[in-house]
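Visitor: There's a structure below that I have some questions on.
Numbering (the UniProt record's numbering), first residue to last: 1 to 398.
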């Protein structure tokens, strides 16, 4: 037997595993690296986040990715080269983190790598029914496995599509295992480039859990900041807080048909981007807003879409709580808009559930890898439309 396959077999038999989860989102800000001790599997899973860090990308690296990110027409040579470069870069960042933590790579059982999404193309978004649901994450896992010497699972979204899904969101299974509650109806809201939530009904109801994308999170605000101020983000909403919301532009943005589609659904920066903003501004005659007013309106747009999506599912339910993770948690104006939009629902940081809000997505991919090597399909009866699949392709170091 191949020695690495034999090693993987023994890892699958262990009662606890050391797994590094990697997440690089559509905000393109850096790589989230979470070292997790995962004990047991399924509903007996216990997660201890032993270390966590976000290592930022260089501006040169971000610029490389932007050449192909969420664009229909790209240079094939750049795409091909970046598939390798992202894998190599992520591997080096893992080694840098382990060195900083004074942890030997040999002590790590697995790496779970999300990769970098460069294009998301479900039929519901493209309306092109000649082609199947599709998504593309790059950052070749063989490069990660070879450079780190650690068995790596990656490309989790393809199995979800192969089993009839859209490849996103994937959070429902891990969220339900770790965070379901007997009494609370929970919305686990993640505000990254795109906003999404997992709805976990209380165990006292017959409702099903599900995960869904909502709409824009930080992506349009970040793109606008880059275009107008050459900054990666509006840190602490310094610019948006100086502006005034344009009700005309806000209402026009909220007319996007995707926002009214039924749950679950998926989207990406392929739809919610500056081209969308520009087209709406031209159609409704509001292109002359100041940058600060535009940012304030984009912030309110993200918040309003989130509040409408939560209200739609929370209708008729008591004891609803929202727990927020992702970069949007650090935007005070966005949080204020959300809290004002759902005043009857309690809003918390995800930290209240015991996990660093910035680490959550990386932790969930570590959990998916843990379930896959243990042979547990990522589905439970309490989750709607949950295919019985083990996700992730395996890359061996040798």
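From the three backbone atoms N, C-alpha and C, an ideal C-beta is built for every residue, glycine too.
1) Can you give the Cα-Cα distance for residue 237 and residue 337, rounded to whole angstroms?
2) Need the endpoints of the alpha helix (DSSP H) that residue 370 sits in, please.
3) Would you check if the region 174 to 192 and the region 55 to 75 touch, i.e. whether three or more CB-CB distances between them fall below 8 Å?
4) The beta strand (DSSP E) spanning residue 245 covers which residue range?
5) Identify the continuous beta strand (DSSP E) that holds residue 94 and give its terminal residues.
6) Just verifying my parser: in three-state terms, what is the DSSP assignment at residue 390?
7) Look at the alpha carbon of residue 177 and the alpha carbon of residue 43, and state the distance between them as a whole number of angstroms.
8) In terms of DSSP beta bridges, what is residue 21 paired with?
9) How would you write the range of the beta strand (DSSP E) that residue 299 sits in, first residue to last?
10) What is the residue span of the alpha helix (DSSP H) that residue 224 lies within?
11) Just tell me which of 258, 394, 380 has its CA closest to the CA of residue 388.
12) Near residue 159, which residues of its chain fall below 6 Å by C-beta distance, leaving aside the five closest residues on each side in sequence?
13) For a test of the three-state rule: what should DSSP assign to residue 213, helix, strand or coil?
14) Who pairs with residue 39 in a beta bridge, going by DSSP?
15) Excluding the 5 residues flanking residue 367 on each side, which residues of the same chain have their C-beta closer than 6 Å to its C-beta?
16) Would you kindly check if the distance between the Cβ of residue 307 and the Cβ of residue 341 is under 8 Å?
17) Between residue 14 and the rest of its own chain, which residues show a CB-CB distance below 8 Å, the 5 nearest in sequence each way excluded?
18) Rounding to the nearest angstrom, what Cα-Cα distance links residue 52 and residue 309 in this structure?
19) I'd like the span of the alpha helix (DSSP H) that includes residue 126, first residue to last.
20) By Cβ distance below 7 Å, which residues in the same chain neighbour residue 91 in space, the five residues on each side in sequence not counted?
21) For residue 347 and residue 1, what's the separation of their Cα atoms in angstroms?
22) Could you check the C-alpha separation between residue 277 and residue 294 for me, to the nearest Å?
23) How many Å lie between residue 63 and residue 83 at the Cα?
24) Determine whether the beta carbon atoms of residue 131 and residue 69 lie at a separation below 8 Å.
25) Within the region 153 to 216, note down every full alpha helix (DSSP H) run reaching 4 residues or more, in order along the chain.
26) Assuming residue 172 contacts residue 229 under a Cβ cut-off of 8 Å, what Cβ separation, rounded to an integer in Å, is found between them?
27) Who pairs with residue 321 in a beta bridge, going by DSSP?
Guide: Working from what's here:
1) For the purposes of this step, residue 237 is taken as residue 237 along the chain shown, with counting starting at 1. For the purposes of this step, residue 337 is taken as residue 337 along the chain shown, with counting starting at 1. Each residue's Cα considered, the two are about 12 Å apart.
2) Within the chain shown, the letter at position 370 stands for residue 370. Unbroken alpha helix (DSSP H) run through residue 370: 360 to 374.
3) At 8 Å Cβ cutoff, the stretches do not touch.
4) The residue you call residue 245 lines up with position 245 of the chain shown. Element bounds for residue 245: n/a, residue is neither H nor E.
5) Within the chain shown, the letter at position 94 stands for residue 94. Not the beta strand (DSSP E): residue 94 falls in the alpha helix (DSSP H), residues 76 to 101.
6) Numbered from 1 along the chain shown, position 390 holds the residue referred to as residue 390. Coil at residue 390, not helix or strand.
7) Position 177 of the chain shown, counted from the start, is the residue given in the question as residue 177. Position 43 of the chain shown, counted from the start, is the residue given in the question as residue 43. So the alpha carbons of these two residues sit roughly 5 Å apart.
8) Position 21 of the chain shown, counted from the first residue, corresponds to residue 21. 34, 112, per the DSSP bridge assignment.
9) Position 299 of the chain shown, counted from the first residue, corresponds to residue 299. Taken as a continuous stretch (DSSP letters only), residue 299 belongs to no beta strand (DSSP E), being part of the alpha helix (DSSP H) at 291 to 314.
10) Translated into positions along the chain shown, residue 224 becomes position 224. Per DSSP, residue 224 belongs to the alpha helix (DSSP H) from 219 to 229.
11) In the chain shown, residue 388 corresponds to position 388, counting from 1. Checking every option, the nearest Cα to that of residue 388 belongs to 380.
12) Mapped onto the chain shown, residue 159 falls at position 159. Within the same chain, and ignoring the five residues on either side of residue 159 in sequence, the residues whose Cβ sits closer than 6 Å to its Cβ are 389, 391.
13) As a first step, residue 213 must be located in the chain shown, where it is residue number 213. Three-state DSSP puts residue 213 in a strand.
14) Along the chain shown, read from residue 1 onward, the residue named residue 39 stands at position 39. Answer by DSSP bridge pairing, in chain order: 16, 46.
15) Indexing the chain shown from 1 puts residue 367 at position 367. Only 174 meet the Cβ criterion.
16) Here residue 341 is taken as the residue at index 341 of the chain shown, counted from 1. Here residue 307 is taken as the residue at index 307 of the chain shown, counted from 1. Taking 8 Å as the Cβ cut-off, residue 341 and residue 307 qualify as a contacting pair.
17) If you number the chain shown from 1, residue 14 lands on position 14. These residues qualify, in order along the chain: 109.
18) Numbered from 1 along the chain shown, position 52 holds the residue referred to as residue 52. Numbered from 1 along the chain shown, position 309 holds the residue referred to as residue 309. In this structure, the straight-line span from the alpha carbon of residue 52 to that of residue 309 is close to 30 Å.
19) Within the chain shown, numbered from 1, the residue matching residue 126 stands at position 126. Element bounds for residue 126: 123 to 126.
20) In the chain shown, counting from the first residue as 1, residue 91 sits at position 91. The beta carbon of residue 91 sits closer than 7 Å to those of 143, 144, 147, 148, all from its chain and outside the five residues before and after it, given in chain order.
21) For the purposes of this step, residue 347 is taken as residue 347 along the chain shown, with counting starting at 1. For the purposes of this step, residue 1 is taken as residue 1 along the chain shown, with counting starting at 1. Looking at the two C-alpha atoms, the distance is approximately 52 Å.
22) For the purposes of this step, residue 277 is identified with residue 277 of the chain shown, where counting begins at 1. For the purposes of this step, residue 294 is identified with residue 294 of the chain shown, where counting begins at 1. Taking the straight line joining both Cα atoms gives about 10 Å.
23) Mapped onto the chain shown, residue 63 falls at position 63. Mapped onto the chain shown, residue 83 falls at position 83. Straight-line Cα distance between these residues: approximately 15 Å.
24) For the purposes of this step, residue 131 is taken as the residue at position 131 of the chain shown. For the purposes of this step, residue 69 is taken as the residue at position 69 of the chain shown. It is not a contact, given that the beta carbons lie outside the stated cut-off.
25) 156 to 162, 172 to 179
26) Indexing the chain shown from 1 puts residue 172 at position 172. Indexing the chain shown from 1 puts residue 229 at position 229. At roughly 37 Å, the Cβ-Cβ gap does not stay under 8 Å, so residue 172 and residue 229 are not in contact.
27) For the purposes of this step, residue 321 is identified with residue 321 of the chain shown, where counting begins at 1. According to DSSP, which records beta bridges pairwise, residue 321 is partnered with 186, 346.
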